[in-house]
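This is the structure:
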């Protein structure tokens, strides 16, 4: 019964917040008038209220009201009763830390599994994978676990960037980092480039957007999949 | 009694492994004929033995023998008895995980505090700070804590990169990430660019190399310090 958009990023270069996704979001949220927003990832440390305000402005363009989870007395029942859910980007460690602190992982998983429409961007997409071990973020807080919701049966690397052969910088490329991941973990990883997203509908997981995505499986050479590919066998 | 080189990177673009540091390493290790190498960070998942082999070749140029900690029956006494210690780069989470697994954090701290010369590069530098919460690495394994040795009283961000104003990529810059860190943590962070290192000698911590370093303190604008700056008041 799942109905999700799991997006690499909220924002494309030169375009407004969520703008490139608005047509698809109007479809995803067609039966919802109000969206529960979870601002826990706090990009640049922005407050929950300021982040919610920013998201509200974007959703006004498709006539949706937005309510921040921080305004509810009980965040657990807020998720249970939500018409629709959006988990925004920011720092994945901060997001997961706060979800665990409020004991929200099981209810989020159950609610989305039961069909409540879900949008995730960046950190909000990372937590849809099995673990956050393929996040790009800085570990500024220590969550009680790296396990995430597992709403899709693999790991996600949002903002996936191809190696830059012109770089003189000696830090690791994302491909190298994901290879390190596979020395210690078996699950596949999908590198979602900015502008790509996964549309999850019941048991189907389809790559959307104009770009290809890069799939990393343990003990296999990485490969590209084109937009429109069904990914539900990836596990 | 400390005597340490804490380097942003092992390798500069276009130059061999450790090459730019060899003169300073000959000084640091002048009284040591054998260096204990800790290869736990495993860059690209390389084996402990292969990594040790690579390091041995570099140190042959200054006539030092290298022995990997994995060849000792008891890694704890290997550290205690070492003439000199080098912790190489790779993945900081993998490194810290293995140090905790072998219960080596306290003995490493004590041994280096007592004067055993220490070289760290990249991940091996990160663990010299208070925590690894300012690493750039991917959290591919879950260590029991993010606390590190605290051999210097602040945090380190190795491979520090300035924001690229030409980038169309929407992922966070390092400066943004470190600002997020300071929403949740109070300690200063030093962004060490590739080619910079800290020379720690007793109570002195001096920035070395040709470049400036960027200092981030909570509730303060970030600022640059020039090579030669004494940083022992930064805490």
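Residue numbers (our numbering), protein chains in the order written: chain A, 13 to 247; chain B, 13 to 247. The beta carbon of each residue, even a glycine, is placed where N, CA and C say it ideally should be. Just so it is clear, the structure is predicted and the values come from calculations on it, not from any experiment.
Listed by position along chain A, the residues whose Cβ is nearer than 7 angstroms to that of residue 180/B are 25.
In the structure shown, residue 93/A adopts coil according to DSSP, grouped into three states. Taking each of 119/A, 103/A, 181/A and 42/A in turn and checking the Cα distance to residue 144/A, the smallest one comes out for 103/A. Collapsing the DSSP output to three states places residue 112/B in a helix.
With a contact defined as Cβ atoms closer than 8 angstroms, residue 170/B and residue 15/B miss out at about 20 angstroms. About 6 angstroms separates the CB atoms of residue 223/A and residue 207/A; that is less than 8 angstroms, so the two are in contact. Against chain B, a Cβ distance below 9 angstroms from residue 226/A picks out nothing, because the smallest value is about 15 angstroms. Listed by position along chain B, the residues whose Cβ is nearer than 7 angstroms to that of residue 56/A are 188, 191 and 192. When the beta-carbon positions are compared, residue 32/B and residue 66/B stay at least 9 angstroms from each other. Residue 85/A counts as exposed, since fewer than 16 other beta carbons sit within 10 angstroms of its beta carbon. Of all residues in the segment 127 to 140 of chain B, none has a C-beta nearer than 7 angstroms to a C-beta of chain A. Of all residues in the segment 144 to 160 of chain B, only 144, 145, 146, 147, 148, 149, 150, 151, 152, 153, 154, 157 and 158 come within less than 8 angstroms of chain A when Cβ atoms are compared, listed by chain position.
In terms of beta-carbon proximity, residue 106/B lines the interface with chain A, with at least one pair separated by less than 9 angstroms.
Pairwise C-beta distances place the segment 83 to 101 of chain A in contact with the segment 117 to 134 of chain A, as three or more of them are shorter than 8 angstroms. In the three-state reduction of the DSSP assignment, residue 194/A falls in the helix class, which pools H, G and I.
Of all residues in the segment 44 to 71 of chain B, only 54, 55, 56 and 57 come within less than 8 angstroms of chain A when Cβ atoms are compared, listed by chain position.
Here residue 64/A really is in contact with residue 51/A; their C-beta atoms are around 5 angstroms apart, less than 8 angstroms. Taking all protein chains in view, the Cβ of residue 225/B is crowded by 16 or more other Cβ atoms within 10 Å, so the residue is classified as buried. Residue pairing by DSSP places residue 225/A opposite 237/A in a beta bridge. Look at the beta carbons and you see the segment 125 to 139 of chain B not touching the segment 187 to 197 of chain B: under three pairs across the two are nearer than 8 angstroms. Within the segment 78 to 95 of chain B, not one residue has a Cβ closer than 8 angstroms to any Cβ of chain A. Under the three-state reduction of DSSP, residue 136/A is assigned to helix. Here the C-alpha atom of residue 184/A lies approximately 24 angstroms from the C-alpha atom of residue 166/B.
By a beta-carbon distance limit of 8 angstroms, residue 240/A contacts residue 218/A. Their separation comes to about 6 angstroms.
Interface residue (Cβ-Cβ distance to chain B less than 9 angstroms): residue 98/A is not classified as such. When the five nearest sequence neighbours on each side are left out, the beta carbons in the same chain lying within less than 7 angstroms of the beta carbon of residue 175/B are those of 185 and 187, in order along the chain. The contact set of residue 166/A on chain B, defined by CB atoms closer than 9 angstroms, is empty, because the minimum CB distance reaches about 15 angstroms. Interface residue (Cβ-Cβ distance to chain A less than 9 angstroms): residue 102/B is classified as such. With contact defined as three or more Cβ pairs closer than 8 angstroms, the segment 32 to 50 of chain B and the segment 142 to 158 of chain B are not in contact.
Taking a C-beta distance under 9 angstroms as the contact criterion, residue 124/A and residue 97/A qualify as a contact pair. Counted as a single uninterrupted DSSP element, the stretch harbouring residue 25/A is not any alpha helix (DSSP H), since DSSP gives it neither H nor E.
With a contact defined as Cβ atoms closer than 8 angstroms, residue 53/A and residue 100/A qualify at about 6 angstroms.
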